[in-house]
Each structure stands twice: as C-alpha cells, then as structure tokens.
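When you line the sequence shown up against the working numbering, it's residues 128 to 453, in that order. Built from N, CA and C at the ideal position, the CB exists for glycine as well.
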Amino acid sequence: MSRDLFIFSSGTIKRKENTIYLETNNGERKFFPVENIDSIHLFGEIELNTKALNFFAQKNIVIHIYNYYGYYSGSYLPREKNVSGELLVRQVQHYLDEEERMYLAYSFVEGALFHMQRNLREYENTNEFVIKISQELENAKNCKSIQELMGCEGRARDVYYNAFNLILKSKFFFEKREKRPPTNPINALISFGNSLIYSTVLSEIHKTQLNPTISYLHEPRERRFSLSLDLSEIFKPLIVDPIIFKLINNNMLKDEDFDQDVNYCYLTESGRKKFLKEFDSKMETTIKHRKLGRSVSYKFLIRLECYKLIKHLLKDEIYKPLKAWW
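Here's what the structure looks like:
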C-alpha cells in the first residue's frame, strides 16, 4: 500500500538509477522505496535536481512543500496523465451555470456542517451548538448567492469553534479563529492540519481527471487550487479536528511543541512530528464502506469523493457529500 512520506531532514534528494535517496547535510544517505510512495511532503530545506524530478514524474509522485513554520507553500505536480477534455468542459459549465454551481457549493457546506455536528455529539453539553449549526444549514438551503452561502458556513464554523472549550480538557484555551498568523496553540494546530488536508486532497484530485483550479464554493483564482479548498471543507472536521482533540485531551502535546510569542504561535518540529504521526495513522485507518461493501482508508474516501463529483459532472449520478455515520 502506498503511503505519504514526510521529510524533516535538510539536504539534497538525488536519483541513482531507479533509486531515490536523501543525502543529509551531515553526509548520511536515506533511501526511499519509491514504489510505496504516494506523495512526498517536504518540511526541511531540500534541494532537488531535474534528474530526481523527472523520476518522480515518471512514478506520478506529487511533492508538497511547506515553509519554515510548517504551512503549505506549493506543490510539484507531474504532467497530467488522466486528461479529459469533456470533463473539463463539464466542470466549466457547472461553474458558469448559477443553479448547478449553487448545488455543488451547498453540498460541500452540507458535508462540512454534518461532520462538525458529528464531532460535537460525541461530547456532553454541546447540544445548543448542534442546534445552532442546524439552523445555519437550514438558512443555507435558501441562499441565493455564493456569498450568502459562505456567510452561513462562516457563522456555523464560529459556533463550532465556540464549543471547543467544552471539548478540550487542558490548559489550552481557544478564544477565536485566527490564521495569519495563528496566535495560540489551537489555532496553530488547526492551521497546520488544514494545510495537510489541502495538500492531501490536491494529491487525490491529481490522480483523477478533475481540474483542481475550477471550483464552486471557493472562487477560482490565480495561484491556488481552489477545488482542493472545496473538497477539504468536508474532510477538515472529519479528519483534522478529532486529531486535535486527541492530542490535547490525552496530554500528548507539551509547551516545547509550540514556538509562541506575543503575536504568533507555531508548531515546532517536535509538535509537527506528533501531529503527522496521528495524521498518517488516521489516513491509513480503514472503515467498512456500505455502498462498496469493502473496507477503505480515510485517504481513499477523498479519492471516492472526487469520483462522485466526476459522475455528477457527467450526469451519471447526483452528487451527495460524504456523511460519516460510523
């Protein structure tokens, strides 16, 4: 089974015949079994030559790059092999058709809010927050524009985050969501986890015929893969937030796992490694898929969501967002 590779060491990635290895700054060589690699996430200061990049392209391995603070910076996507002109046209048509776009945008919000409520129901004294999110979901059904829809989603997310202090059982207090930069440990964890989901969703989109720049909830813009933002909405509360609850409530994070000052808070390398260990474990966890009748990993659920979207665009089957009932 292919898995993601997370590299924290600094050095140079090189190719020797059909082998890829990292030569660290202290001269150590670490070899990678490329046949078992799905995507590579680079957190260290890494140099690559075209010889290595060409090899990654041959193996269709996506490379994601993160900055000094561990947040997503960009990706190297191999040349698209699964190209479909018909699907591209359909994607654009569904974006240009106001009714079609609103349906898909609402579906992504519906999936996101369902999983927020799912998380809250696992804890005591959260029913009032669940009800408020349900109200926003009802309001979303009557929205006439993407801006109104995103307003409902934003208010629901604020309600959701307001419940975090009822869930978290530690000294970490969450006042409000702040992104640029994150100002406390909870914001740092959310931002880091969301970056991982964004890059993981992008990798799965790349394996399909979907164009990652054409989206429906988020406005397509230059320099971003906005369809990944759309699909990530469904998976952030399903995958990222339970990891945060586990790390904090089980006292797995210490003060030294955060680099904190008056105006910012970031995960240190030790904190990122702890998160990535749980993230990798979660993505490889399997559940019994009722429709398929077999076990699939959380990671493959993302790919299935892409396939469902393709079927909808091609008018084969109406898209319904993933709702994890297990």
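When the Cα of residue i is compared with those of the options, which residue comes out closest?
i      : options                        : result
Glu150 : Thr139, Phe159, Lys143         : Thr139
His333 : Asn145, His221, Ala184         : Ala184
Val244 : Glu346, Lys401, Leu365, Phe402 : It should be noted that the sequence gives Gln, not Val, for residue 244. Selected option, being the one with the closest Cα: Leu365.
Phe158 : Ile173, Arg307, Glu360, Lys141 : Lys141
Leu440 : Glu249, Gly154, Lys363, Gly212 : Gly212
Gly238 : Lys303, Val161, Tyr199, Arg284 : Arg284
Tyr196 : Val189, Asp384, Ser261, Glu432 : Asp384
Asp368 : Leu231, His345, Ser322, Gln387 : Ser322
Glu305 : Asn390, Ile375, Glu275, Ser234 : Asn390
Arg130 : Cys433, Thr146, Ser408, Arg417 : Ser408
Phe300 : Ile134, Glu280, Asn376, Arg217 : Asn376
Leu428 : Ala451, Glu302, Arg282         : Ala451
Tyr288 : Glu331, Arg307, Thr340, Lys363 : Lys363
Arg206 : Tyr199, Gln218, Asn194, Ile190 : Ile190
Asn145 : Ile134, Asn181, Arg156         : Asn181
Leu240 : Asp443, Tyr148, Glu263, Leu169 : Glu263
Ser261 : Glu275, Pro347, Arg282, Tyr148 : Arg282
Leu449 : Lys259, Cys392, Gly154, Tyr233 : Tyr233
Val216 : Lys259, Tyr393, Ser342         : Ser342
Asn194 : Leu394, Leu419, Ile445, Lys442 : Leu394
Ser329 : Ile188, Val161, Gly171         : In the sequence under discussion, the amino acid at residue 329 is Leu, which differs from the Ser named in the question. The shortest C-alpha separation from Leu329 is found at Ile188.
Arg430 : Thr335, Ile324, Ser166, Tyr198 : Thr335
Gly398 : Leu374, Asp388, Ser297, Arg417 : Leu374
Asp388 : His345, Ile445, Pro308         : Pro308
Ala267 : Glu302, Leu231, Phe256         : Leu231
Glu255 : Val286, Lys271, Ser272         : Val286
Ser272 : Glu405, Asp443, His345         : His345
Between which two residues does the beta strand (DSSP E) harbouring residue i extend?
i      : result
Leu169 : 164 to 169
Thr412 : Per DSSP, Thr412 belongs to no beta strand (DSSP E) and is neither H nor E.
Ile190 : 189 to 193
Glu150 : 146 to 151
Glu174 : 173 to 175
Ser202 : 199 to 203
Phe372 : First-last for Phe372: 368 to 376, but that is the alpha helix (DSSP H), not the beta strand (DSSP E).
Phe158 : 156 to 159
Leu394 : 392 to 394
Gln387 : 385 to 387
By the DSSP assignment, the alpha helix (DSSP H) with residue i in it spans what residues?
i      : result
Lys259 : 254 to 268
Tyr325 : 312 to 333
Gln218 : 212 to 223
Leu356 : 353 to 362
Glu275 : 273 to 289
Assuming residue i and residue j are in contact, meaning their beta carbons sit under 8 Å apart, how far apart are those beta carbons, in whole angstroms?
i      : j      : result
Ser202 : Ser326 : 7 Å
Leu316 : Ile437 : Actually they are not in contact, since the Cβ atoms of Leu316 and Ile437 sit about 33 Å apart, beyond 8 Å.
Phe319 : Phe372 : Not a contact, Cβ separation roughly 15 Å.
Ile164 : Leu132 : 5 Å
Leu358 : Glu432 : 6 Å
Ile134 : His168 : 7 Å
Ser297 : Asn246 : No, Ser297 and Asn246 are not in contact; Cβ-Cβ is about 17 Å, not under 8 Å.
Opposite residue i in the DSSP bridges: which residues?
i      : result
Arg130 : Ile164
Arg421 : His416
Arg142 : Ile147
Phe182 : None, per the DSSP bridge assignment.
Taking three-plus beta-carbon pairs below 8 Å as touching, is the region 311 to 321 in contact with the region 171 to 182?
no
Should the region 219 to 227 be regarded as contacting the region 350 to 359, the criterion being three or more beta carbon pairs within less than 8 Å?
no
Does the region 290 to 300 come close enough to the region 251 to 270 that 3 or more CB-CB pairs lie under 8 Å?
yes
Hey, is the region 422 to 435 in contact with the region 398 to 413, meaning 3+ C-beta pairs nearer than 8 Å?
yes
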